[in-house]
Amino acid sequence: MSKNAIITGGSRGIGKAMALKLGELGYNVAINYRSDSSKEKTEEIIEEIKTKYGVEGIAIQADVSKFEDCKKLVETVVDTFGDKIDALVNNAGITNNCNFIDLQPEDYERVINTNLVSMMHMCHLTLPYMVDRETAIVCTASVGGMTGVINQADYCAAKTGVIGLVRALALEFAGRKVRVNAIAPGMIMTDMLRGVNQDELNALAATIPIGRIGDVSDIAGALEYILQAPYLTGQVISPNGGFVLQ
Ligand code: NDP
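Take the sequence shown: its letters are residues 51 to 296, numbered as in our numbering.
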């Protein structure tokens with residue numbers, strides 16, 4: 051029987067690598083993106099998944115920080131793939147990188163809504179199609195949600211919230227056969243990191259025990275492990291090169 055997956059923020063970076071992994075694992079994949087500028091590249095990922103892995107795919111534009119957009123997103127997936135969702139990967143995220151005094155309320159609200167509230171919307175709307183069937187939710191957190199990062203108070207608050215959400219839902223839904231886990235990446239080379247000061251980034255990279263910035267494939271590998279680990283729930287898997295041990 052075919053398996054169906056939704057991934058939010060799958061147009062590029064970590065989400066793209068995880069979307070391709072879902073296809074490789076045999077899931078039909080609904081890839082969500084937000085920006086008009088990401089439409090074409092998301093459709094290219096869908097074509098790649100269909101051609102390489104022989105599964106179905108659909109690209110769906112939605113701003114997952116908004117409940118109504120999430121509702122339309124899930125409705126479109128159910129209309130396209132049917133009313134069984136086997137995997138939900140909540141991955142969409144943004145950051146501000148701003149000191150807390152200058153950070154404006156609308157900016158931190160956007161970060162909380164995009165990184166945390168979106169995941170609550172998506173879990174809330176998708177769980178009815180997941181319960182009682184050996185399914186999995188995976189949420190992208192961050193080492194920032196485990197430690198704390200200067201100039202990222204809003205981001206860290208959101209990502210710590212993601213870990214709390216994952217633990218609580220894992221407990222609530224373990225008896226209904228839905229596993230819920232988080233991946234907390236360390237520093238991974240994507241547009242999110244390309245935007246920060248490269249000298250600071252290189253200095254930070256030098257402190258990573260494994261000696262390199264992570265690759266998106268490191269996170270896709272963690273997703274593969276979680277999806278195939280039937281005894282794993284409520285956990286935070288953190289591919290970070292030993293970073294949080296420092
Ligand atoms: P990118 O900036 O490369 O990609 C972000 C993705 O999120 C894009 O697909 C973007 O869509 C999507 N997105 C952003 N806002 C929304 C929204 N409101 N609705 C729907 N989609 C949205 O980031 P990364 O790949 O680096 O990050 C992916 C996840 O990993 C995030 O949750 C991030 O916090 C987390 N993470 C990343 C780390 C890193 O070092 N890179 C470290 C730790 C965690 P679009 O293309 O349409 O804009």
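Backbone N, C-alpha and C fix where the C-beta goes; we use that ideal spot for every residue, glycine too.
Note that this is a predicted model, so its numbers are computed, not measured.
message = Suppose you measure from the CA of Cys-206 to the CA of Gly-60; what does that come to, to the nearest Å?
response = Those two C-alpha atoms are separated by around 21 Å.
request  = Figure out for me which residue from Val-79, Ala-232, Phe-117 has the closest Cα to the Cα of Lys-102.
outcome  = Val-79
query = Does the beta-carbon of Pro-280 have 16 or more other beta-carbons within 10 angstroms, so that it is buried, or is it exposed?
reply = exposed
query = alpha helix (DSSP H) containing Lys-53: first to last residue?
reply = Unbroken run through Lys-53 is the beta strand (DSSP E), 53–57; no alpha helix (DSSP H).
query = Of all the options Arg-262, Ser-288, Val-139, Gly-271, which has the alpha carbon lying nearest to the alpha carbon of Thr-176?
reply = Val-139
query = Which two residues bound the contiguous beta strand (DSSP E) that contains Tyr-83?
reply = Note, Tyr-83: beta strand (DSSP E), 77–83.
message = Closer than 8 Å is the cut-off here; do at least three beta carbon pairs connect the region 169–187 with the region 104–123?
response = yes
query = Roughly how many angstroms lie between the CA atoms of Lys-227 and Val-266, to the nearest whole one?
reply = If you take the alpha carbons of Lys-227 and Val-266, they lie about 29 Å apart.
key: Meets three-Cβ-pair contact criterion under 8 Å: the region 244–261 and the region 209–225   = no
request  = Go to Val-212, then tell me how far its beta strand (DSSP E) extends in each direction, as first and last residue.
outcome  = It is not in any beta strand (DSSP E) - Val-212 instead sits in the alpha helix (DSSP H) that spans 203–223.
ask   = Going by other Cβ atoms of all chains shown within 10 Å of its Cβ, with 16 needed for buried, is Ile-96 buried or exposed?
value = By the 10 Å Cβ count, Ile-96 comes out buried.
inquiry  = Considering only their Cβ atoms, is the gap separating Lys-209 from Asn-165 smaller than 8 Å?
reply    = yes
task = Find the nearest neighbour of Ile-99 within the set Leu-72, Ile-110, Leu-123, judged by alpha-carbon distance.
result = Leu-72
request  = Give the DSSP bridge partners of Asn-140, in chain order.
outcome  = Cys-189
inquiry  = According to DSSP, is Gln-111 part of a helix, a strand, or is it coil?
reply    = strand
inquiry  = Is it buried or exposed, Val-181, if we count other Cβ atoms within 10 angstroms and call 16 or more buried?
reply    = exposed
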